[in-house]
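Numbering (the UniProt record's numbering), first residue to last: 1 to 320. We put the CB at the ideal spot given by N, CA and C, even for glycine.
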Amino acid sequence: MALFWRIFGLNALVLGAATALLLWAPVTVSVPVALTEAVVLIVGMVVMLVANAVLLQVGLAPLERVTRRMATVDLLRPGQRLSVAGHGGVPDLVRAFNDMLDRLENERATSSARALSAQEGERHRIAQELHDEVGQSMTAVLLELKRAADRTADPVLRTDLLHAQETTRSSLDDVRRLARRLRPGVLEDLGLISALTTLASDLSTHTGLAVHRHFASDLPRLDQPTELVLYRVAQESLTNVARHAEATEVSVRLDSAGDTVQLVICDNGRGIGLAHEGAGIRGMRERALLIGATLDLQSVPHGGLQVSLTVPLSPEGGSR
């Protein structure tokens, strides 16, 4: 039934009931109106308004559900659909809304895949340039400083050159570390476990955090996109811990259970509280959607935050 006829029918029902009551009930109106007659008319009008409001509330309830879902829907949390039954105006509207969410989620997933693929390509290019151009140039500068320090007889100048040499060596290490973060070559060469181990070791070395690692020995074989998503989620989570959590220790766990692989990063920091999810967390959600995984964030009882990425596996290996 169309929305117009639904509202018309509800009002007609109320007015028909009121008319039938006036026709068969022993109620009359005199001139001037008596007090009891006015009370009866006012009570009858109130009853009609209440009945009309209740019926309209029932009839328009699906529209209110659509309105609430429109205000809270998040394309990074797929599957938020409204239940629908029957046919006609309102049920068809709910179905159209669900179909619209399907199209938006598919388009969001496609555009995110293109954007993240372009991002990985750009990271690869920048890392290559840092390694091949900036790294080589700084290595040449480092060698020149060493030659100059070896040739000079002035102790003050020699000390300055050695200091400049150490500064250049430290900067070269930073450049190499940035190149590894942009393009995890160890992930491509040695696999996910080695890449996560290197990531955790670097974090512990540069921040002083105590990093506890637990990687299951019976992990199934994963395809390259799945390994890259797991690595990037771990990288972003550990970066957030180092920058914002004010934690003293963090654990990284990678387990397999049945047909799923789960990555869990848990710290003892101050947690996320009521803060809104930033670009980093939403980026992790977008990556999770690319492989059909589920990202969950929850506070832990002793304080801190636990990030869980659950990846469903296909029988052939890799994400579904």
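Per DSSP, which residues does residue i bridge with? Please list them.
| i | result |
| --- | --- |
| H214 | R253 |
| V261 | S256, V311 |
Using three-state DSSP, classify residue i as helix, strand or coil.
| i | result |
| --- | --- |
| I272 | coil |
| Q298 | strand |
| T19 | helix |
| Q80 | coil |
| residue 339 | This structure does not reach residue 339, given that the chain is present from 1 up to 320, and the question cannot be answered. |
| P312 | strand |
| L222 | coil |
| L162 | helix |
| L305 | strand |
| R183 | coil |
| D154 | coil |
| T248 | coil |
| V43 | helix |
| V141 | helix |
| A71 | helix |
| G278 | coil |
Going by beta carbon distance, what residues of the same chain come within less than 6 Å of residue i, once the five residues before and after it are set aside?
| i | result |
| --- | --- |
| V186 | S194, A195, T198 |
| H214 | R253 |
When the distance is taken between beta carbons, is residue j closer than 8 Å to residue i?
| i | j | result |
| --- | --- | --- |
| A247 | D218 | no |
| V252 | L222 | no |
| L263 | L297 | no |
| L142 | R103 | no |
| A279 | L254 | no |
| Q80 | R69 | yes |
| A242 | L305 | no |
| E227 | L192 | yes |
| L93 | L56 | no |
| L130 | A179 | yes |
| L209 | E166 | no |
| N106 | L82 | no |
| G271 | S299 | yes |
Among the residues of its own chain, which have a CB less than 7 Å from the CB of residue i, if the five just before and after it don't count?
| i | result |
| --- | --- |
| E171 | A quick correction: the sequence has Ser, not Glu, at residue 171. These residues qualify, in order along the chain: M138. |
Ignore the nearest five residues each way along the sequence and tell me which others in residue i's own chain have a CB closer than 8 Å to its CB.
| i | result |
| --- | --- |
| A140 | none |
Can you confirm whether the stretch 109-122 touches the stretch 172-181 when touching is taken to mean that 3 or more C-beta pairs between the two stretches lie within less than 8 Å? no
Spell out a yes or no on whether the stretch 43-57 and the stretch 10-25 are touching, meaning 3 or more CB-CB pairs, one atom from each, closer than 8 Å. yes
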